[in-house]
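Report on the following structure.
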Amino acid sequence: MDYDVIVIGGGLVGVSIAWGLSRCGQRVAIVDEGDVANRAARANFGLVWSSSKGLGNAAYSRWSRTSTANWHRLAAELKAETGIDTGFVQSGGFSIRLTPTELQRGIASMAKLAGQPGMDAEGTPPLEYEVLDQAETRRRLPLIGETVAGAIFSPLDGHANPLRLFAGFHKALNQRGVHYFPHRKTAAIHHRAGAFEVAGDGWRLGAGKVVLAAGIGNTALAPMVGLSVPLTPSRGQIIVTERLKPFLGHATGYLRQTDEGSVLIGESKEATIDHQRPRGPITAVLAERALRTFPLLRDARAVRIWAAFRVVTPDGYPIYEQSERFPGAFAFACHSGVTLAANHALVLPRQISAGALSEDLAVFHSRRFHVPAAV
Amino acid sequence: MFRRLSDGKARSVSFTFDGVPTMAREGDSVAAALLAAGHCSTRRTAVSGAARGPYCLMGVCFECLVKIDGRPNRQACMTTVVEGMRVETQDGAAMPGQEE
Amino acid sequence: MIRDIRSAADLAPAYDLVVVGAGPAGLSAAIEASTHGLAVLLADENEAPGGQIYRSVERASDADLARMGPDYAAGRMLIGRFRRADLSYARRATVWNVGPADEETGDGAHALEVGISLGGIARPIAAHRVILATGALERPLPFPGWTMPGVMAAGAAQILMKSSGLVPSGRTILAGTGPLLYLLASQLLRAGVSVTAVVDTTPVGNWRLALPHLLSFATSPYALKGLRLLFEVHRRTRVIRGVTALEAVGSGKFGALRVHRGIKSMHIEGDLLLLHQGIAPNLNLTLAAGCDYGWDERLAAFRPAVDGRGASSVAGVSIAGDAAGIVGAVASAHQGELAGLTAARDLNRLDQGAYERRRNQLAQKLARALKGRTFIENRFRPGKSFRVPGDDGTIVCRCEEITAGKLREVAALGVPGPNQMKAFTRCGMGPCQGRLCGLTAVELLAQCRGVAPGEVGYYRLRPPIKPVTLYELAALPHTEAAIVAVAGFVERAADGAQDAKHGSQQ
Numbered sequence: 001m002d003y004d005v006i007v008i009g010g011g012l013v014g015v016s017i018a019w020g021l022s023r024c025g026q027r028v029a030i031v032d033e034g035d036v037a038n039r040a041a042r043a044n045f046g047l048v049w050s051s052s053k054g055l056g057n058a059a060y061s062r063w064s065r066t067s068t069a070n071w072h073r074l075a076a077e078l079k080a081e082t083g084i085d086t087g088f089v090q091s092g093g094f095s096i097r098l099t100p101t102e103l104q105r106g107i108a109s110m111a112k113l114a115g116q117p118g119m120d121a122e123g124t125p126p127l128e129y130e131v132l133d134q135a136e137t138r139r140r141l142p143l144i145g146e147t148v149a150g151a152i153f154s155p156l157d158g159h160a161n162p163l164r165l166f167a168g169f170h171k172a173l174n175q176r177g178v179h180y181f182p183h184r185k186t187a188a189i190h191h192r193a194g195a196f197e198v199a200g201d202g203w204r205l206g207a208g209k210v211v212l213a214a215g216i217g218n219t220a221l222a223p224m225v226g227l228s229v230p231l232t233p234s235r236g237q238i239i240v241t242e243r244l245k246p247f248l249g250h251a252t253g254y255l256r257q258t259d260e261g262s263v264l265i266g267e268s269k270e271a272t273i274d275h276q277r278p279r280g281p282i283t284a285v286l287a288e289r290a291l292r293t294f295p296l297l298r299d300a301r302a303v304r305i306w307a308a309f310r311v312v313t314p315d316g317y318p319i320y321e322q323s324e325r326f327p328g329a330f331a332f333a334c335h336s337g338v339t340l341a342a343n344h345a346l347v348l349p350r351q352i353s354a355g356a357l358s359e360d361l362a363v364f365h366s367r368r369f370h371v372p373a374a375v
Numbered sequence: 001m002f003r004r005l006s007d008g009k010a011r012s013v014s015f016t017f018d019g020v021p022t023m024a025r026e027g028d029s030v031a032a033a034l035l036a037a038g039h040c041s042t043r044r045t046a047v048s049g050a051a052r053g054p055y056c057l058m059g060v061c062f063e064c065l066v067k068i069d070g071r072p073n074r075q076a077c078m079t080t081v082v083e084g085m086r087v088e089t090q091d092g093a094a095m096p097g098q099e100e
Numbered sequence: 001m002i003r004d005i006r007s008a009a010d011l012a013p014a015y016d017l018v019v020v021g022a023g024p025a026g027l028s029a030a031i032e033a034s035t036h037g038l039a040v041l042l043a044d045e046n047e048a049p050g051g052q053i054y055r056s057v058e059r060a061s062d063a064d065l066a067r068m069g070p071d072y073a074a075g076r077m078l079i080g081r082f083r084r085a086d087l088s089y090a091r092r093a094t095v096w097n098v099g100p101a102d103e104e105t106g107d108g109a110h111a112l113e114v115g116i117s118l119g120g121i122a123r124p125i126a127a128h129r130v131i132l133a134t135g136a137l138e139r140p141l142p143f144p145g146w147t148m149p150g151v152m153a154a155g156a157a158q159i160l161m162k163s164s165g166l167v168p169s170g171r172t173i174l175a176g177t178g179p180l181l182y183l184l185a186s187q188l189l190r191a192g193v194s195v196t197a198v199v200d201t202t203p204v205g206n207w208r209l210a211l212p213h214l215l216s217f218a219t220s221p222y223a224l225k226g227l228r229l230l231f232e233v234h235r236r237t238r239v240i241r242g243v244t245a246l247e248a249v250g251s252g253k254f255g256a257l258r259v260h261r262g263i264k265s266m267h268i269e270g271d272l273l274l275l276h277q278g279i280a281p282n283l284n285l286t287l288a289a290g291c292d293y294g295w296d297e298r299l300a301a302f303r304p305a306v307d308g309r310g311a312s313s314v315a316g317v318s319i320a321g322d323a324a325g326i327v328g329a330v331a332s333a334h335q336g337e338l339a340g341l342t343a344a345r346d347l348n349r350l351d352q353g354a355y356e357r358r359r360n361q362l363a364q365k366l367a368r369a370l371k372g373r374t375f376i377e378n379r380f381r382p383g384k385s386f387r388v389p390g391d392d393g394t395i396v397c398r399c400e401e402i403t404a405g406k407l408r409e410v411a412a413l414g415v416p417g418p419n420q421m422k423a424f425t426r427c428g429m430g431p432c433q434g435r436l437c438g439l440t441a442v443e444l445l446a447q448c449r450g451v452a453p454g455e456v457g458y459y460r461l462r463p464p465i466k467p468v469t470l471y472e473l474a475a476l477p478h479t480e481a482a483i484v485a486v487a488g489f490v491e492r493a494a495d496g497a498q499d500a501k502h503g504s505q506q
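Protein chains in written order, with UniProt numbering: chain A, 1 to 375; chain B, 1 to 100; chain C, 1 to 506.
Right, dumping it as structure tokens:
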């Protein structure tokens, strides 16, 4: 056996887990595709955001909140190991609502979310938020547009620099001697005598465990080891501006300024994965809403617009599961790879090393999609 | 660092660079006008603050970014100078919403 | 007579053909297509037609024409024909996107969409056909100090001479390789400029590669012109050969060039340093449009894949002139004509017989114009050590100030290509969008990995290929589906809000 664990996928989910596994003393290899793969990790918005998540699934709210709390440790340890600052700040986040209707909907959905059973658990930071009216929003964000109706603020939320996080993990993995194999698209996974063999065009590697972290590629890989990762087509588009002097210290749900000065404006949710070309009408709506939010950005110039495919399951919540037929094979699929990076790096790897996912992750098993439809 | 060949017959145009009245020829790009007036350093970078100046003069390198009439990050080589234009050194990244 | 498009409001919603770029290829394509009755829009970002080669030729005095030579003067006739053609011309227009028509906002009749920004207003224009004639860029020549003020591209000096009658007033040093270096040297010398030295970085071994193509070159129009140039420059200034490395020094601005020749080095003081090591196809628009491309080892550059008529891999999009591979002004014009002719044929504006006669005639002219190029390409192929800086402190990405050393550091992590390298370092993320670093970054990565640049690939380019303000983007057409995709629902004054069909939970 070449390795203890092979992680399939060198995106953010894959490298977070691989780093954690290496810290657990596992011998790890990552197999990855080439330079122009559908790489959600390079197309991340960079929010570390939990407050508004988990309506209809309290466990997801808790999982997101603990990951945000764990981010402080992740950022510190990655920096200590690599010198790379991930730029994480938990400065609080604003969900800006442009119109009274948007604000009303936001208030209703937060009330519903907060009122769900099972939102609180020991060790999980409680969900805290404030509803801000127009005047209060303006007081806290003086540069906000005059027509903005209000905002929902949560001190839980923040942001990080997703590209430096990604680079930091790769650097740390390299220093730890984890083997990274790009240009290796996985074609087959075999299970023999309690071990796994991962193979592609002209290569094969063996390991005791295998972790599927291949984003939308997981759907095809999962059945090879008795797993299931159903996904829903979802495309997101984002606008990136030139560097600007700092004007916005807080993250907002769809607009943030990176610590390098660029403004990211997101993001669409389109129910398609037919192509990754940016679309004019989406660009127009993104830009128009950004200018209603911060009119001072009128002359800021977009230098890039990109669209990428999201990893979204039919109910929008992650899949974390181990194969019953082939124990040692795990599949993980989620969006929000930045928010969840801390849990993926600090929580999941211990469970994978021990050979069992914890009870509180059972709710994220894909069997929830296999319930026969009512007739 | 640049001089005019004598055979030009275009009219003069006046503009300011960092507040200093400066002469150009009608039809000059802002970058050409600045170089003709002896300015080879026209911005400081947003990353390290290093001095830079016009490099390609054909709109591809973005080294000649300046503030023009209060609007930041304009390509000096792709803008024709006009009478009374206010040109300033681009000092690092633009501050949004600071047009005057 | 051409119709001048002065503002975005003057643009028609659709054209049969949109040509991008007003150099020899674009002008010729537009003229040819218009003579066959196509409704043509030519969009160009400069003040006047001519591209880089014929820049400002309409305003040139007799003295200017004499100084710049007959190849420059030839542009007058072409631009004269352009001015008399029946087509629309948008100057100072930035084309920032070319691609298939949007699935929602497209008119259903035109397959392509062109994003144009003019006078601070962006508009999508529909087209049946697009010809990209976006020309070439000067290849970067990175070495320590090449970013300091007082160091400029050689092409910049030519542009200043052509458009503003400006020539360097102080001690001027030219460094690099390629025919343009010697052309510029002779033009500057004729204008009375003090050219202190021409520092020629052409690898000595190039002769061996070029020699087999000497005969074809010797019988081409390039031969005599080239020899005259070399003779003139050698007679009037110092030419330094056998150069192994360069370094620009100065405090705050360029002051001197250190020239290394093996273990020896020399120090040449000067006021202005002009760099050139050949030109490479301008890839940004063709790649953003989705055109396939490949590595051309002789050019040491990427170029888009085109067939004999200039058709790219994207249906309806053709590429003509230097944008498709370096061919020079005369061949560019013929390629433009061929592309324009083909567009007219594709849209049934001339019959097959007339098309074939004209095509054959143009193909012959094109073949003649291409003669001698192989020799020139081999003879002046820039050396590897000047394409990939050996010194780790050298800035590769001028916008984001990323050094060769930083790139080597992340290359060692096993990055699969320039896009991952870009994500890790920001190399290529600045406003120039990789135009000044792309080739260097790719060749550096290829060198680190021990593979060919073609295997490494280039940046994945996306619109806008030139910065566009948010205000302009916000004014583009909206659709209800797009509002739903971004905001989750569409608000209506009368009946409240209509829910999103695809709004997904978080």
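From the three backbone atoms N, C-alpha and C, an ideal C-beta is built for every residue, glycine too.
C-alpha of residue 170/A to C-alpha of residue 86/B: approximately 47 Å in a straight line. Within the model, the alpha-carbon separation for residue 111/A versus residue 491/C is close to 22 Å. Counted as a single uninterrupted DSSP element, the stretch harbouring residue 463/C is not any alpha helix (DSSP H), since DSSP gives it neither H nor E. Residue contact check for residue 80/B against chain C: a CB pair falls below 9 Å. Taking the C-beta atoms as reference points, residue 398/C is found nearer than 9 Å to residue 436/C. Interface annotation, residue 460/C: in contact with chain A, CB-CB separation under 9 Å. Taking 9 Å as the CB threshold, residue 51/C stays off the interface with chain A. DSSP places residue 293/C in the uninterrupted beta strand (DSSP E) bounded by 293 to 296.
Comparing alpha-carbon positions, the option among 66/A, 40/A, 20/A and 25/A lying closest to residue 333/A turns out to be 40/A. By the C-beta criterion, the region 443 to 456 of chain C is judged not to be in contact with the region 68 to 79 of chain B, since fewer than 3 inter-stretch pairs fall below 8 Å.
The C-beta of residue 128/A has fewer than 16 other C-beta atoms within 10 Å across all chains shown, which makes the residue exposed. Only buried fits residue 281/C, as 16 or more other CB atoms lie within 10 angstroms of its CB. Remark: fewer than three beta-carbon pairs, one from each stretch, lie closer than 8 Å, so the region 356 to 368 of chain C and the region 403 to 417 of chain C are not flagged as touching. Annotation for residue 456/C: the continuous alpha helix (DSSP H) segment containing it runs 453 to 456. Under the 8 Å Cβ criterion, the region 321 to 335 of chain A does not count as touching the region 297 to 309 of chain A, having fewer than three qualifying pairs. Take residue 89/A, set aside five residues on each side of it, and the residues of its chain with a beta-carbon closer than 7 Å to its own are 158 and 159, in chain order.
In the DSSP assignment, residue 44/B forms a beta bridge with 51/B and 91/B. For residue 176/C, the enclosing beta strand (DSSP E) has its first and last residue at 172 to 177.
At a cut-off of 9 Å between beta carbons, residue 245/A contacts chain B.
Within the same chain, Cβ atoms closer than 8 Å to the Cβ of residue 432/C are found at 398 and 399, the five residues on either side in sequence being excluded. Boundaries of the alpha helix (DSSP H) harbouring residue 290/A: 280 to 293, taken from the DSSP string. Proximity of chain C to residue 70/B at the Cβ level (cut-off 9 Å) is not reached, the minimal Cβ distance being about 14 Å. Bridge partners of residue 153/A according to DSSP: 94/A and 130/A. By the neighbour-count criterion, in which a residue is buried when 16 or more other Cβ atoms sit within 10 angstroms of its Cβ, residue 12/C is exposed.
Taking each of 49/A, 293/A and 343/A in turn and checking the Cα distance to residue 147/A, the smallest one comes out for 293/A.
Below 8 Å, too few C-beta pairs join the region 247 to 263 of chain A and the region 348 to 356 of chain A to call them touching: fewer than three.
Residue 177/A has its alpha-carbon roughly 11 Å from the corresponding atom of residue 23/A.
Residue 237/A is bridged by DSSP to 307/A.
For residue 318/A, there is no enclosing alpha helix (DSSP H), as DSSP marks it with neither H nor E.
For residue 491/C, the uninterrupted beta strand (DSSP E) run begins and ends at 490 to 492, by DSSP. A direct Cα-to-Cα measurement between residue 281/A and residue 179/A gives close to 43 Å.
Using beta-carbon distances, residue 46/B counts as an interface residue toward chain A, with a partner under 9 Å. Distances from the alpha-carbon of residue 38/A to those of 217/A, 262/A, 263/A and 102/A put 217/A closest. Three or more pairs of CB atoms, one per stretch, sit closer than 8 Å, so the region 259 to 277 of chain A contacts the region 233 to 247 of chain A.
Under a criterion of Cβ atoms nearer than 8 Å, the residues of chain C adjacent to residue 28/B are, in order, 163 and 164. Under the Cβ distance rule, residue 140/A does not count among the residues neighbouring chain B, no pair being separated by less than 9 Å.
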